[in-house]
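Q: Have a look at this one.
In my numbering, the protein residues as written are 1 to 382.
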């Protein structure tokens, strides 16, 4: 399929998604290291009657982890830390021993995730900081490790909060300052910022996140929904999320990873290989783009070796009202940047966004496109 044919297919896909109210966001698709398709569609803020623009900034949630990992890699190359340093070397008074920086980067620390527990034990009217999360969760509660470090793999937002604290302790800068001076600034990511949305409402470029009820044609703010209210009180936490950015800035980030702009080739190679457990296993984690393909996890990236597409580095991000993907097809220099500020009541785990991304991939690799659809049980009510 020629580039022109792919462009036509992408136009058809997003025309359909727009018509069916299945997509609200910004997308950038590249091939051969150059943007080939962009789509900017939908509302940025309903009350203000603002539409999305190329400069609209989205909360990319856990995609932020790749930036946290890069901060650690930069400090390693500055010889201020080692990936195999024990955590207690840089952060004192923690109740755990034997966890390394590498364990935190690769989710092999055994630390349980703080979010569910924190939701039950924190004042939901108060925005928490890293210090408050760590004091309440790791010092007062002190949950047991899920397993011994390196023995298994379990996704842990807690680990990436600790990495942000390591960056602060080792560099002498705030986490925000370090990212700005060492990553965002050098790459010209001028529309990217780590911020608490609830404390920076004056920004004119922030897209609001919504939960859309298609049956009743209603948009809800997650903060006001009990099952999603966590987005308010974790808005001050750093390291595991809350970077806000644009599709164009994420494209600059994704392309910079092909070059040794921020770190050396040796460090990159170490970051982009799956973690190896104590039993010697390195694959099998169910965190990749394709559930039927074994995936590993490196430093802030999921890693797949797919026979159909070649090596894939990817990460998704979800925070109620926002869904994001950065996907790099390393062997063919193709990429997908996907940002949405609408989630849907009808889809469990926001499956629709994942389906859309896979259809973009099908177009890029000359595969058959299967148009997403809403659940049949709801179609009759719409």
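The beta carbon of each residue, even a glycine, is placed where N, CA and C say it ideally should be. These numbers come from a predicted model, not from an experiment.
If you run the structure through DSSP and keep just helix, strand and coil, what is residue 359?
A: Your numbering for residue 359 matches position 359 in the chain shown. Of the three classes helix, strand and coil, the one that applies to residue 359 here is helix, per DSSP.
Q: Report yes if the C-beta distance between residue 159 and residue 109 is below 7 Å; otherwise report no.
A: Along the chain shown, read from residue 1 onward, the residue named residue 159 stands at position 159. Along the chain shown, read from residue 1 onward, the residue named residue 109 stands at position 109. In contact: residue 159 and residue 109 (Cβ atoms closer than 7 Å).
Q: The alpha helix (DSSP H) with residue 116 in it runs from where to where?
A: For this step, residue 116 is matched to residue 116 along the chain shown. Its alpha helix (DSSP H) spans residues 115-121.
Q: Taking only the alpha-carbon atoms, compute the straight-line gap between residue 87 and residue 57 and give it to the nearest angstrom.
A: Numbered from 1 along the chain shown, position 87 holds the residue referred to as residue 87. Numbered from 1 along the chain shown, position 57 holds the residue referred to as residue 57. C-alpha separation (whole angstroms): 33 Å.
Q: Quick check on DSSP: helix, strand or coil for residue 159?
A: Here residue 159 is taken as the residue at index 159 of the chain shown, counted from 1. Reduced to three states, the DSSP call for residue 159 is helix.
Q: Taking only runs of the beta strand (DSSP E) that begin and end inside the stretch 200-287, which ones reach a length of at least 3 residues, in chain order?
A: Fully enclosed beta strand (DSSP E) runs of 3 or longer: 210-213, 218-220, 243-245.
Q: Can you check whether the CB of residue 236 is closer than 7 Å to the CB of residue 115?
A: Mapped onto the chain shown, residue 115 falls at position 115. Mapped onto the chain shown, residue 236 falls at position 236. Cβ atoms of residue 115 and residue 236: not closer than 7 Å.
Q: So, is residue 47 buried or exposed, given that buried needs 16 or more other C-beta atoms within 10 angstroms?
A: Mapped onto the chain shown, residue 47 falls at position 47. Under this definition residue 47 is an exposed residue.
Q: Which same chain residues, not among the five before or five after residue 19, have their C-beta less than 7 Å away from its C-beta?
A: One-based indexing of the chain shown puts residue 19 at position 19. None.
Q: Decide yes or no for the touch test of the stretch 89-102 against the stretch 206-226: beta carbon pairs closer than 8 Å, at least 3 of them.
A: With the cut-off at 8 Å, the stretch 89-102 and the stretch 206-226 do not touch.
Q: Between the C-alpha atoms of residue 329 and residue 217, what's the straight-line distance to the nearest angstrom?
A: Here residue 329 refers to the residue found at position 329 when the chain shown is read from its first residue. Here residue 217 refers to the residue found at position 217 when the chain shown is read from its first residue. Residue 329 and residue 217: Cα-Cα distance of roughly 37 Å.
Q: Note down, in chain order, each residue of its chain lying with its Cβ closer than 7 Å to the Cβ of residue 73, except the 5 sequence neighbours on either side.
A: As a first step, residue 73 must be located in the chain shown, where it is residue number 73. Here the set comprises 263, 267, 271, 299.
Q: Are the Cβ atoms of residue 302 and residue 287 separated by less than 7 Å?
A: Taking the chain shown and counting its residues from 1, one reaches residue 302 at position 302. Taking the chain shown and counting its residues from 1, one reaches residue 287 at position 287. Yes, the Cβ-Cβ distance between residue 302 and residue 287 is below 7 Å.
Q: Just how far apart, CA to CA, sit residue 10 and residue 4?
A: Translated into positions along the chain shown, residue 10 becomes position 10. Translated into positions along the chain shown, residue 4 becomes position 4. So the two alpha carbons sit approximately 10 Å from each other.
Q: Sort 1, 55, 31, 15 by Cα distance to residue 339 and report the nearest one.
A: By 1-based counting over the chain shown, the position of residue 339 is 339. Per the Cα distances, 55.
Q: For residue 279 and residue 152, I'd like the C-alpha separation in whole angstroms.
A: Here residue 279 refers to the residue found at position 279 of the chain shown. Here residue 152 refers to the residue found at position 152 of the chain shown. Distance between the alpha carbons of residue 279 and residue 152 is about 9 Å.
Q: Let me confirm a value: residue 324 is counted as buried when at least 16 other C-beta atoms fall within 10 Å, else exposed. Which label applies?
A: Against the chain shown, residue 324 aligns to sequence position 324. Result: buried.
Q: Buried or exposed: which applies to residue 241, given that a residue is buried once 16 or more other Cβ atoms fall within 10 Å of its Cβ?
A: Counting from one through the chain shown, the residue named residue 241 turns up at place 241. Buried: at least 16 other Cβ atoms inside 10 Å.
Q: Quick check on the burial criterion: 16 or more other C-beta atoms within 10 angstroms. Buried or exposed for residue 371?
A: Taking the first residue of the chain shown as position 1, residue 371 is located at position 371. Residue 371 comes out exposed.
Q: Got a sec, what are the start and stop residues for the beta strand (DSSP E) residue 345 sits in?
A: Translated into the one-based positions of the chain shown, residue 345 becomes position 345. That residue, residue 345, is in no beta strand (DSSP E); it is neither H nor E in DSSP.
Q: Do you know offhand how far residue 148's Cα is from residue 161's?
A: As a position in the chain shown, residue 148 is number 148, starting the count at 1. As a position in the chain shown, residue 161 is number 161, starting the count at 1. Taking the straight line from one Cα to the other gives about 19 Å.
Q: Would you report the Cα separation of residue 157 and residue 312, rounded to the nearest angstrom?
A: Walking along the chain shown from the start, residue 157 turns up at place 157. Walking along the chain shown from the start, residue 312 turns up at place 312. If you take the alpha carbons of residue 157 and residue 312, they lie about 22 Å apart.
Q: To test your reading of the DSSP string, which unbroken alpha helix (DSSP H) runs of 4 or more residues are found completely within the stretch 44-119?
A: The qualifying runs are 65-77, 101-106.
Q: Any contact between the stretch 24-42 and the stretch 241-253? By contact I mean 3 or more CB pairs, one from each, below 8 Å.
A: Enough Cβ pairs lie closer than 8 Å, so yes.
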